[in-house]
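Chemist:
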Amino acid sequence: MGKLIVWFGELATPGQLYRRGLWWLLPATLWLLTLLVLPSLLLIALAFAERGQFGEIIWNFNLENFRRVLGYGVFGFTLDNLFIFMRTVLVAFLTTLFCVVLAFPLAFFIASRPPRTRYLWLALVIVPFWTNLVIRTYGWQMLFSPGTPFTEFARALGVVGEGQGLYPSAFAVYVGMITAFLPFLVLPLFSSVERIDWSLVEATQDLYASRVRTFMQGILPQVAPGLTVGVILTFIPAMGMFVIPDLLGGSRSLLMGNLIQQQFLGAARDWPYGAALSIGLVVITLIGLAIYRRQAKEVDIV
Amino acid sequence: MTRLHPAVLFTALTTLALLYLPMLAVAILSFNQTRFGLQWTGFTFDWYVRLFNNAEIREATINTLFLAVVSTLIATVLGTMLAIALERYPWSKRVSNWLDNLLYLPVVTPDIIMAATLVVVFGVLRQVFAIFEAGMFTMILGHVTFQIAFVTLIVASRLRSLGADLDEAARDLYADYGYYLRRILLPLLAPGIVAGAMLAFTLSLDDFVISLFTAGPASQTLPLFIYASVRRGVTPEIHALSTIIFLATMLLVLFAERLSRR
């Protein structure tokens, strides 16, 4: 420790540097430890507790909440929760998939603009993303209510009946989710697309690769890092979403996020059960990301 | 770059239009005379006038701005300090890995989970300290918690791109630590700090979930107010309010983009 080193032009011992570094480090670290890390541990502990008669917490270690998460309730076993989990995973998966499909044309379009206007186009993608989600979701609610061109078109196709709107419906939830998360995918994907080495793509074409193969082997491996970041940034919040299904979906579009919200804010007020559901949500999300990683490895994306 | 296929171009522009469609619908309706329904009955600024005379909305606006300003100030100071600690001190590999994880935790945690943990911890603290009663104070704590990481990530990337040359030059010329900090490091960092602060500010304005979980009866913010109105039936004032918020956010984003490009 007594050894002198030169660090950013300063002659000091590591001990001196550590002591001063701690002053810079501690305020934020302590803040995050008290309000993020410890509360997370508390939430885990809470999942093993029990709800008292008036919503208070009784600390007796048991696994009852996890049994309830899996569907074993006071009235016996139901499939309701498992359906909600499956729906959550399906909605998050399809949202991510559609976002990926729509993000590619948009990312290539922005990357093909001349450098002068490129960042303006990129800003155009970011602006709606910075507008409050509640407002945007409400906008869709209006666009899908009876009498708008959207619903008139759907009625002409016979999808909705007279006087009915396109919301609440699963369709409305998907539109709301996809448009909400699209910027999360476009931004990282664009940063990868911008750096594509086009000579490699030309090489695949010189070797008579089909369009599909050019994309799979010439483009996809090159944009993989951005794509992965985008998928993670989309899938995680999509799994926890509750505002959009709340405003655009009916009771049959409930997701895990809604279920958790009800335990903490609604009349139910059952924190231990909410904690167990939260753990379930995180576990399912991590499993989902692990599957993506494995699949991505197989097709050489990551 | 090869030329774009017309289908790609069409999809890209349609998608972009789709992102703006809900906002456009709200903006158009904010100038519509009728109070109920979507029929266009004539142009009016009436709703904007009423908006400014609505005491509830005025109070929610003040709350929103107060929350955003205070939480941004705290998060910017803490986040900048953490960034300097990360980039300018010789932490061992294990410590810096641990710090990296701590930093990415708030970024990758779904906001509803973070909100749930905050509800729980405030609930426990409330038993001991009355100050943790749900309200503005708990909201500020909650917002700072998710803002810190974003400020740190931006300031740290600026610190990395600065390199060590100017630090070394300052020290070679016998600058002591206080002088180096005041005249060298902080001025060089300023654009990064401002960009980080603006991001934190926008995040706070934009946040709904953390606010919903940590708010008390007297600390209504605009997103909460809009959410409540959407659920009990919207008045056209909400359209006007949403349009103003959208325009304000747009200006803020474009301004921040200009700033960070310099």
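From first to last, the protein sequence lines are chains B and D. If you number the first sequence the way my numbering does, the last residue is 321 and the count never jumps. If you number the second sequence the way my numbering does, the last residue is 268 and the count never jumps. Cβ atoms here follow ideal geometry from the backbone N, Cα and C, with glycine treated the same way.
#1: Which same chain residues, not among the five before or five after N79 (chain B), have their C-beta less than 8 Å away from its C-beta?
#2: Within 10 angstroms of its Cβ, does I68 (chain D) collect 16 or more other Cβ (buried), or is it exposed?
#3: Since L30 (chain B) sits in a beta bridge, which residues does DSSP pair it with?
#4: Using Cβ-Cβ distances below 9 Å, what residues of the segment 34-48 of chain D are close to chain B?
#5: Three or more beta-carbon pairs under 8 Å between the segment 114-129 of chain D and the segment 243-260 of chain D, yes or no?
#6: Just to confirm the assignment: which complete alpha helix (DSSP H) runs, minimum length 4, are found wholly within the segment 153-204 of chain B?
#7: Which same chain residues, not among the five before or five after V344 (chain B), have their C-beta less than 8 Å away from its C-beta?
#8: Going by CA-CA distance only, name the one from B:V110, B:L101 and B:F96 that's closest to P264 (chain B).
#9: I'd like to know if F156 (chain D) contacts chain B, where contact means its C-beta is closer than 8 Å to some C-beta of that chain.
#10: L308 (chain B): which of B:M105, B:F112, B:I215 and B:N84 sits nearest, CA to CA?
#11: What first and last residue would you give for the alpha helix (DSSP H) that runs through Y233 (chain D)?
#12: If we ignore side chains and look at the alpha-carbon of each, how far apart do R313 (chain B) and I306 (chain B) end up?
#13: Would you say N151 (chain B) faces chain D, with C-beta separation under 8 Å as the test?
#14: Cα-Cα, which of B:T170, B:T150, B:F169 and B:A294 is closest to F252 (chain D)?
#15: What three-state label does DSSP hand I322 (chain B) in the structure shown?
#16: Identify which residue in D:L84, D:V215, D:A66 and D:T47 has its Cα closest to the Cα of W42 (chain B).
#17: Please confirm if the segment 176-192 of chain B is in contact with the segment 285-294 of chain B, defined as three or more CB-CB distances below 8 Å between the two stretches.
#18: Pull up the distance between the alpha-carbon of L16 (chain D) and that of A23 (chain D), whole angstroms please.
#19: Using only CA atoms, which one of B:L239, B:A228 and B:N277 lies nearest to I215 (chain B)?
#20: First and last residue of the alpha helix (DSSP H) that includes A286 (chain B)?
#21: Could you pull out every residue in the same chain whose Cβ sits closer than 7 Å to the Cβ of H149 (chain D), ignoring the five residues on either side in sequence?
#22: Which chain B residues sit within Cβ distance under 9 Å of V200 (chain D)?
#23: So which residues of chain B does Y233 (chain D) contact, with C-beta pairs closer than 7 Å?
#24: Determine whether the Cβ of G182 (chain B) lies closer than 8 Å to any Cβ atom of chain D.
#25: Measuring only between beta-carbons, confirm whether D178 (chain D) sits less than 8 Å from chain B.
#26: If I follow the unbroken alpha helix (DSSP H) through A203 (chain D), where does it start and stop?
#27: For Y91 (chain B), list the residues DSSP reports as bridge partners.
#28: With DSSP as the reference, label F37 (chain D) as helix, strand or coil.
#29: Is there at least one Cβ from chain D nearer than 8 Å to Q280 (chain B)'s Cβ?
#30: Note the first and the last residue of the continuous alpha helix (DSSP H) segment covering F143 (chain D).
#31: L61 (chain B): which of D:F143, D:V130, D:A170 and D:Y180 sits nearest, CA to CA?
#32: Hey, quick one: how far does the alpha helix (DSSP H) through R56 (chain D) stretch, first residue to last?
#33: Only counting the same chain, and skipping five residues up and downstream in sequence, which positions put a Cβ closer than 6 Å to that of A18 (chain D)?
#34: For L278 (chain B), collect the residues of the same chain with a Cβ closer than 7 Å to its Cβ; drop the 5 residues on either side in sequence, then sort them by chain order.
#35: If the criterion is Cβ atoms closer than 8 Å, does the pair T82 (chain D) and G202 (chain D) meet it?
#36: Please name the residue or residues paired with E69 (chain B) in a DSSP beta bridge.
Modeler: With the given structure in hand:
#1: Cβ-Cβ distances below 8 Å link N79 (chain B) to A68 and E69 in the same chain, with the five nearest sequence neighbours on each side left out; the list follows chain order.
#2: Counting Cβ neighbours within 10 Å, I68 (chain D) comes out exposed, since fewer than 16 surround it.
#3: In the DSSP output, where bridge partners are listed per residue, L30 (chain B) has B:V25.
#4: For the segment 34-48 of chain D, the set of positions with a beta-carbon nearer than 9 Å to some beta-carbon of chain B reads L35, G43, L44 and Q45 in chain order.
#5: Too few Cβ pairs lie closer than 8 Å, so no.
#6: Complete alpha helix (DSSP H) runs here, min 4: 168-175.
#7: Because chain B here runs from 20 to 321, residue 344 (chain B) falls outside it and cannot be looked at.
#8: Of the listed residues, the one whose Cα sits closest to P264 (chain B) is B:V110.
#9: Chain B places no beta carbon closer than 8 Å to that of F156 (chain D), leaving this residue out of the contacts.
#10: Of the listed residues, the one whose Cα sits closest to L308 (chain B) is B:F112.
#11: Start and end: L228 to R238.
#12: Each residue's CA atom was taken as its position, placing R313 (chain B) and I306 (chain B) some 11 Å apart.
#13: It does; some Cβ of chain D falls within 8 Å.
#14: Of the candidates B:T170, B:T150, B:F169 and B:A294, B:T150 places its Cα closest to the Cα of F252 (chain D).
#15: Because chain B here runs from 20 to 321, residue 322 (chain B) falls outside it and cannot be looked at.
#16: Checking every option, the nearest Cα to that of W42 (chain B) belongs to D:L84.
#17: No, because fewer than three Cβ pairs between the segment 176-192 of chain B and the segment 285-294 of chain B fall closer than 8 Å, the two stretches do not touch.
#18: First, the amino acid is wrong: residue 16 (chain D) is Phe here, not Leu. Spanning the two alpha carbons is a distance of roughly 11 Å.
#19: The residue with the shortest Cα to Cα distance from I215 (chain B) is B:L239.
#20: Unbroken run through A286 (chain B): none, as it is neither H nor E.
#21: Closer than 7 Å at the Cβ level, and outside the excluded window around H149 (chain D), lie L73, S77, S210, D213 and I216.
#22: Listed along the chain, the chain B residues whose CB falls inside 9 Å of the CB of V200 (chain D) amount to none; the nearest CB is some 17 Å away.
#23: What Y233 (chain D) touches in chain B: V153.
#24: Chain D contact via Cβ: absent.
#25: Residue contact check for D178 (chain D) against chain B: a CB pair falls below 8 Å.
#26: DSSP places A203 (chain D) inside the alpha helix (DSSP H), whose first and last residues are L192 to D212.
#27: Y91 (chain B) pairs with B:F96.
#28: Coil.
#29: Judged by the 8 Å Cβ criterion, Q280 (chain B) is in contact with chain D.
#30: Residue range M142 to L168 is occupied by the alpha helix (DSSP H) that includes F143 (chain D).
#31: Taking L61 (chain B) as reference, the option from D:F143, D:V130, D:A170 and D:Y180 with the minimal CA-CA separation is D:V130.
#32: For R56 (chain D), the uninterrupted alpha helix (DSSP H) run begins and ends at D52 to N59, by DSSP.
#33: Taken in chain order, the list of residues that qualify is empty.
#34: Here the set comprises I103 and L296.
#35: Yes, they are a contact pair.
#36: Residue pairing for E69 (chain B): DSSP places it in a beta bridge opposite B:I77.
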